[in-house]
Every structure is written in structure tokens, then in C-alpha cells.
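Protein chains in written order, with the numbering used here: chain X, 1 to 353; chain F, 354 to 706.
2 protein chains.
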Amino acid sequence: MTLKNDRFLKALLRQPVDRTPVWIMRQAGRYLPEYRATREKAGSFMQLCQTPELACEVTLQPLERFELDAAILFSDILTIPDAMGLELYFTTGEGPAFRKPVQTRAAVDALPLPDPEQELRYVMDAVRLIRRELDGRVPLIGFSGSPWTLATYMVEGGSSKNFSRIKGLLFDEPETAHRLLEKLARAVADYLNAQIAAGAQAVMIFDTWGGLLMPEHFRTFSLAYMQRVVEQLQRERDGQPVPVILFSKGADGHLEAMADTGCDALGVDWTIEIGQARTRVGDRVALQGNLDPSALYASPETIRREVQKVLQSFGPGSGHVFNLGHGIHPEINPEHVKVLVDAVHELSAPLHG
Amino acid sequence: MTLKNDRFLKALLRQPVDRTPVWIMRQAGRYLPEYRATREKAGSFMQLCQTPELACEVTLQPLERFELDAAILFSDILTIPDAMGLELYFTTGEGPAFRKPVQTRAAVDALPLPDPEQELRYVMDAVRLIRRELDGRVPLIGFSGSPWTLATYMVEGGSSKNFSRIKGLLFDEPETAHRLLEKLARAVADYLNAQIAAGAQAVMIFDTWGGLLMPEHFRTFSLAYMQRVVEQLQRERDGQPVPVILFSKGADGHLEAMADTGCDALGVDWTIEIGQARTRVGDRVALQGNLDPSALYASPETIRREVQKVLQSFGPGSGHVFNLGHGIHPEINPEHVKVLVDAVHELSAPLHG
Chain X
1 MTLKNDRFLK ALLRQPVDRT PVWIMRQAGR YLPEYRATRE KAGSFMQLCQ
51 TPELACEVTL QPLERFELDA AILFSDILTI PDAMGLELYF TTGEGPAFRK
101 PVQTRAAVDA LPLPDPEQEL RYVMDAVRLI RRELDGRVPL IGFSGSPWTL
151 ATYMVEGGSS KNFSRIKGLL FDEPETAHRL LEKLARAVAD YLNAQIAAGA
201 QAVMIFDTWG GLLMPEHFRT FSLAYMQRVV EQLQRERDGQ PVPVILFSKG
251 ADGHLEAMAD TGCDALGVDW TIEIGQARTR VGDRVALQGN LDPSALYASP
301 ETIRREVQKV LQSFGPGSGH VFNLGHGIHP EINPEHVKVL VDAVHELSAP
351 LHG
Chain F
354 MTLKNDRFLK ALLRQPVDRT PVWIMRQAGR YLPEYRATRE KAGSFMQLCQ
404 TPELACEVTL QPLERFELDA AILFSDILTI PDAMGLELYF TTGEGPAFRK
454 PVQTRAAVDA LPLPDPEQEL RYVMDAVRLI RRELDGRVPL IGFSGSPWTL
504 ATYMVEGGSS KNFSRIKGLL FDEPETAHRL LEKLARAVAD YLNAQIAAGA
554 QAVMIFDTWG GLLMPEHFRT FSLAYMQRVV EQLQRERDGQ PVPVILFSKG
604 ADGHLEAMAD TGCDALGVDW TIEIGQARTR VGDRVALQGN LDPSALYASP
654 ETIRREVQKV LQSFGPGSGH VFNLGHGIHP EINPEHVKVL VDAVHELSAP
704 LHG
């Protein structure tokens, strides 16, 4: 099936495009009233993730409203540890938690490697269904948390303020941390390969907590395992390349090293100028980002002005996928998202062609 | 009065020292049982801050346990907005809040400029008392929140997840933000000058939320106003220089620009190698940091090894004040702090002289 809109994939491969493509992290989410309605209907967040028809429904919702250039699978980043038996649940106001956190060497060694088409079949079914419903409108992005980010939740037992347990492990029992991360790198690669086999046309690895780490730890415990995942991925399906995007939040200092992993593109948060990031990574990778998500609180005129600044900072040529520098906040007015998306397409035309 | 231990001040001025000096952000705090006892006795956190005898007591507590090279005034970063009439209070678990946040141009214009020896006399009395009680053992550091950091709390009304109000203001009403920041820069300078007059021998500006900002906003709304504060400070008292330290958490990308403000030293968080930071700032400023605060969860042997790594990364010569890269976590075992402090003195000897 031919894609009707392949700007997103082309930009990730740094091929010429007519407009800068745009999508929004968490574009299927709480800021949309129709998402909240489906979430209500599902009963719980986990039910929403585990019911392919509902996951498909919310994945497609933002595409009905906005001229987005990609869809992203609706799911949670903690599906893998849940499938390993940690029993994910969600507490009101405090976020995700596990009934059975992993805190000893024995617990790490006992972790099973999930079969994505068995324990995570609901995700693969969602991917297949979304691809069918998308019918080639735009490409579908699959995703996973990074091994390090999954490990933080698995060891802490949920969200954390000071990350004392996982940090204690890195400092005092690095071998246990490495065993856990090795297993997770394998599980993440299997999971993303299964998504690719099910129809994901690009994949993104979210390293939400990479920015917590001192440089030596980032390289050893976060970056090295993302690289292993990248090396194990099926980078092509049906003769089409499947690009890989890495995004380590708060790790701007490591852009060059991340570009050297062999990925196709890097997500960039808003604390660095994207033009400066482009200079640093050169033509090794495309870049995805990086408007301050708070710009969407501002007026439409301001949003257009800030979109223009990001586009100008990246400059002419391909290799830029417009996005926010982090997920959209739940209080944002959906009309403002429309302003952003339309502004990217309109204002980027002179940069291409 | 002659200081018995002036390593800290000398290192800030990049003069030769016999050992690398060390102190710990939040060294007077919840990880110490004697602090918790005084806090209990005070009744509330605000009472503790506002009673000079008790503030003095907790300021001195860590010096009884550890061979620290500096004391830091015990106070809160939000004393200035409280003195401006915003009515600071503390909620359990959610941190500081203001009964009267500032959200309009009219409210900004109506803010009074506090007289530090009137509305903030309790702070100045604490400084005088601590100096008397220290009796020249080590120097006393005074401090303030940065204008930008104070503004975030004042506009949000307390701690915030997404900083929607203050960010909205920066994007849509930058003039109102500038008026608020101008007033705060003046108030911070007055406050720090009063602390210096009362006896503070060095001052530190904490820009806790500098790392939230995109580069253009950081320069315009955070850095520019710290620079104004630096320019207005009394940098000498009784013929002795009074060094100024700036610390913007999560703003490693801006070290060079911060070094150009005319301050004497920069605080460095743990997400950059301090040796790399030294290369970037050259001999313009001293550096303070930057052990990952989580290293204190680790074993004594690991703590010593990590201290050694930071010392080696900075390398030989003066200009380094050892510290954590952020405040000490409340669960840390005080014995581990002793290990750190002693390790800094012992292991740094070969780097000097």
C-alpha cells in the first residue's frame, strides 16, 4: 500500500520534502475531550491500552482534527514490565506503580522475556488495527520506553522523587543493573521488532529519565543499552526503511554520542536551540522537536511566531520533524494545536523546494 | 576577626588552598535528627526560619558533626515574596504556597519593595547571631532565590507541575514579566546587600528553575536579571572580597554566559563532568559541585571512589569548591556525609601545593 503522506518518513531519512512534517508527543491524550470520553468508556487507563479497538480509536482522534503527518500508537511505556509479571496499576494523582517491583539480583534473574505476540498481543493487535484504519493516510509510529527508563520504574516500583533505589543499584551493584538492562534491551528490541512486523513504519525509544544521570552513568546505563536495541532492530520491512528515533529528555549534552548509535533521528527537548543541535550532529541524523510545550498556553499569534522561530533555527533543507520538546500538557486548548500544525506547514514551505 | 578556615573563600577567588573546601547544599536539613528535633520545637517551618536563635541553631548543627569549610544561613528561598505581602505558607507534601499570588500587571505594579532591615529583619538578625556564634571557624554564606525563580512561585502561587501561568506570561505578556523581574532583581540585590552588611562573607543565588526555559527565555528572563543582581552587589566588606556564586539547576548549556555575568563562581549540577565545565569557563570563575546527590545512598567505599572521580575530573589547582550537584536528599545517612567530607579533604591534598 502506498502512503498518501510520507513527509514524516522522508524527513527522518533526510530526503527532500515539500513541507516540514509535524506530529505532537501525546497527541492522543487528555487535552482532547473525545479522548476523555473514550477513556471514560474504557473504565480504566489499562483497559484503554489493552483494548485494541479503543487504543485504535484514540490513536486516530487527533488525525480527525489536525493535519498531522504521523500517527503514534496509543499505549503505555510500561507494558513490557507488566508483561514480565510486575503487575502495573495506576494510582490517582501519583501515576504508574508496580505491585511486584524488582529489587534483588534473584528477582532480576527470574524475570521472564515476554513473547510480544503472546503477553503483548493486545499491542500488536492495536498496531494491526490502526494500520488498517489509517489506510495509508499517514505512517504509524511504534514506540517503547528505553531499557534505562523501564528499569527506573521497575526498581523503584513506580514514579519516584529521588530515585534512591535504582541509583543505589548503579553505584553499589552495577552488575545487577547491567543484568537487568541487558534483559530489557532484548525485550525492547523484541517488542519493537514485533511492532514493526505488525505494521509500525517508524519506531521511537523514549528515554524519559536519561537526564537524571551523570555523564558516565548515562553512557554506561542508558546510551549503551539504547544502542544495543538499535543494533537489534529490523530496519526494513517490505522493502521500506523503518527509521528509528531516540529521545533522551534532559540529555542535550549527549547529542553527538546519541547520533553515533546508528539511529536515524534524535528527539530534542526545548532547552537547546535546534539549529545549534543541528550544527552539533551534522548530517548524521535528522532532528525532531523542539517547541517549548508551554508555548501552547500562549495566544495564536504567539504560537505562530514561536513556530517560525523553531523552523528558522533549524533552517532550510530536510531532516527536521516538527514536534514539541516534550509531551503536550493536558490543559492545552485543542484549537491551539491546530494553530501550531497549520503554522508548521504554512511557514515551512519556503524552507523546502 | 580573622577566619580560622578560609579555604572556601580562597577557592572561590581561585587562590591557592591546602585542600579542596567542601560544603553541602541543604547541609542543615531533614537528614539530621537534631535538625528534625529543632524543627519540631519550632512548631512550623516558618517559625524555624523566623526565629533567629533557632535558625542559628540549625545552621550550626552540621558543623558539629562534619569538618565542613562553610556554613550557610538557614532560611527559605521565598522570604522576599513573603515580605512583599504574598503570605507564604507550607502545605504538607505539596511544598510552599502563597495566599496572594501575583498574576496581573496591576498586582505586579502594586508590589512593595521590602526593606531588608524591617520586613526581613529576622533574616539579618539570624546572620548576625550566626556570625557571632561561628566566631570565625568558617565563613558564612548568605543566599537568595534568583529573580526568575522567585517569579515562578509568585505567579504560580506555589510549586507547579507545568508552570502554565508564568510561561503564559513570558510568551504573551513579556512586559509584565519584565516589570516583575526588574522589581525582584532590585529586591534580591537589597536583600543580599543587607545580608553582607549583617555579616555574610559570600553569597549564592539559587536559580532553581532556570532549567525550565528555552535558551532565549533563559537569557532574557533568568540570566539578565541575575546579572543585574550581581552588578548591584557590595562585593567587599571590611576590606575583604565577598564572592558571589550563581547556580542555575539544569542549565549546563549556559555556563559560558553565566561566567560572563561577573560572578566569582558557578554551581554545577551532576549532569556534566566538572572537568569539562572547567574547560568551558576557563579561568573566568571558580566552580562548585558536582557529585550526584544519589551517590550518598551508596556504600562508604563507593562514596570515596565517586569523590575521587569528581576531584580528578576538576584536576589540580584551586578554583574548586566541592559540593553535591543539588541539595542533599532527606533520607541520607549522616554517617555517609562524614565519609564524603573527610574523603574530599584527604583525597584532594595531592591536587594542591
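Glycine is no exception: its CB is placed at the ideal position from the N, C-alpha and C atoms. It should be emphasised that the depicted structure is a prediction, and the values quoted were computed from it without experimental measurement.
For a contact defined as C-beta to C-beta under 9 Å, what are the partners of residue i on chain F?
i, result
"glycine 211/X", "Gly603, Thr624"
"threonine 152/X", "By Cβ distance, chain F contributes nothing, its closest Cβ being about 12 Å from threonine 152/X, past 9 Å."
Quick one: Cα of residue i to Cα of residue j, how far?
i, j, result
"leucine 192/X", "glutamine 234/X", "9 Å"
"glutamate 584/F", "glycine 615/F", "8 Å"
"arginine 539/F", "asparagine 323/X", "38 Å"
"leucine 287/X", "glycine 157/X", "33 Å"
"tryptophan 209/X", "arginine 132/X", "33 Å"
"glutamine 27/X", "proline 62/X", "6 Å"
"glycine 168/X", "leucine 213/X", "12 Å"
"glycine 29/X", "isoleucine 598/F", "42 Å"
"alanine 423/F", "proline 653/F", "23 Å"
"serine 75/X", "leucine 48/X", "8 Å"
"alanine 189/X", "proline 81/X", "14 Å"
"isoleucine 196/X", "alanine 202/X", "8 Å"
"methionine 378/F", "histidine 679/F", "6 Å"
"leucine 466/F", "alanine 547/F", "14 Å"
"histidine 329/X", "asparagine 643/F", "32 Å"
"threonine 38/X", "glycine 319/X", "35 Å"
"leucine 170/X", "histidine 217/X", "8 Å"
"serine 513/F", "threonine 355/F", "44 Å"
"isoleucine 685/F", "leucine 649/F", "6 Å"
"leucine 426/F", "proline 469/F", "15 Å"
"tryptophan 376/F", "alanine 577/F", "28 Å"
"proline 316/X", "histidine 352/X", "6 Å"
"tyrosine 31/X", "aspartate 283/X", "35 Å"
"alanine 450/F", "tryptophan 501/F", "16 Å"
"valine 285/X", "glutamine 312/X", "18 Å"
"leucine 608/F", "aspartate 252/X", "14 Å"
"leucine 407/F", "alanine 436/F", "20 Å"
Where do the ends of the alpha helix (DSSP H) carrying residue i lie?
i, result
"tyrosine 89/X", "It is not in any alpha helix (DSSP H) - tyrosine 89/X instead sits in the beta strand (DSSP E) that spans 88-91."
"phenylalanine 143/X", "That residue, phenylalanine 143/X, is in no alpha helix (DSSP H); its beta strand (DSSP E) goes 140-145."
"proline 369/F", "Looking at the DSSP string, proline 369/F is not in any alpha helix (DSSP H), and its letter there is neither H nor E."
"lysine 394/F", "386-395"
"threonine 279/X", "274-281"
"alanine 106/X", "105-110"
"leucine 608/F", "608-612"
In terms of residue numbering, what span does the beta strand (DSSP E) encompassing residue i cover?
i, result
"isoleucine 483/F", "First-last for isoleucine 483/F: 474-487, but that is the alpha helix (DSSP H), not the beta strand (DSSP E)."
"leucine 619/F", "618-620"
"proline 449/F", "448-451"
Could you check if residue i is buried or exposed, using at least 16 other CB atoms within 10 Å of its CB as the buried criterion?
i, result
"threonine 632/F", "exposed"
"aspartate 118/X", "First, the amino acid is wrong: residue 118/X is glutamine here, not aspartate. Exposed, by the Cβ-count rule."
"threonine 373/F", "buried"
"alanine 459/F", "exposed"
"proline 350/X", "exposed"
"serine 144/X", "buried"
"aspartate 359/F", "buried"
"arginine 14/X", "buried"
"glycine 448/F", "exposed"
"arginine 581/F", "buried"
"glycine 396/F", "exposed"
"glutamine 403/F", "buried"
"threonine 59/X", "buried"
Using a cut-off of 8 Å between C-beta atoms, extract the partners of residue i located in chain F.
i, result
"asparagine 333/X", "Near asparagine 333/X there are no residues of chain F at all, since even the closest Cβ is about 11 Å away, more than 8 Å."
"glycine 168/X", "Ser647, Tyr650, Ala651"
Name the chain F residues whose beta carbon is nearer than 7 Å to that of residue i?
i, result
"methionine 356/X", "One cannot answer for residue 356/X here, as it falls past the ends of chain X, which runs 1 to 353."
"threonine 302/X", "Phe524, Asp525"
For a contact defined as C-beta to C-beta under 9 Å, what are the partners of residue i on chain X?
i, result
"tyrosine 388/F", "Result: empty, since nearest Cβ-Cβ is about 18 Å, beyond 9 Å."
"serine 499/F", "Residues of chain X passing the Cβ test: none, with the nearest at roughly 17 Å."
Which residues in chain X sit within 8 Å of residue i, going by Cβ to Cβ distance?
i, result
"serine 517/F", "Ser294, Tyr297, His329, Glu331"
Which residues in chain X sit within 7 Å of residue i, going by Cβ to Cβ distance?
i, result
"glycine 606/F", "Asp252, Thr271, Ile272"
Checklist entry - Along the chain, which unbroken stretches of the alpha helix (DSSP H) at least 4 residues long are found entirely within the segment 645-690 of chain F? => result 653-667
Checklist entry - In the segment 164-247 of chain X, which residue ranges form an unbroken beta strand (DSSP E) of at least 3 residues, counting only runs that do not cross its ends? => result 202-207
Next on the checklist: My parser needs the alpha helix (DSSP H) runs of 4 or more residues fully inside the segment 402-427 of chain F; what are they?
Outcome noted: 405-418
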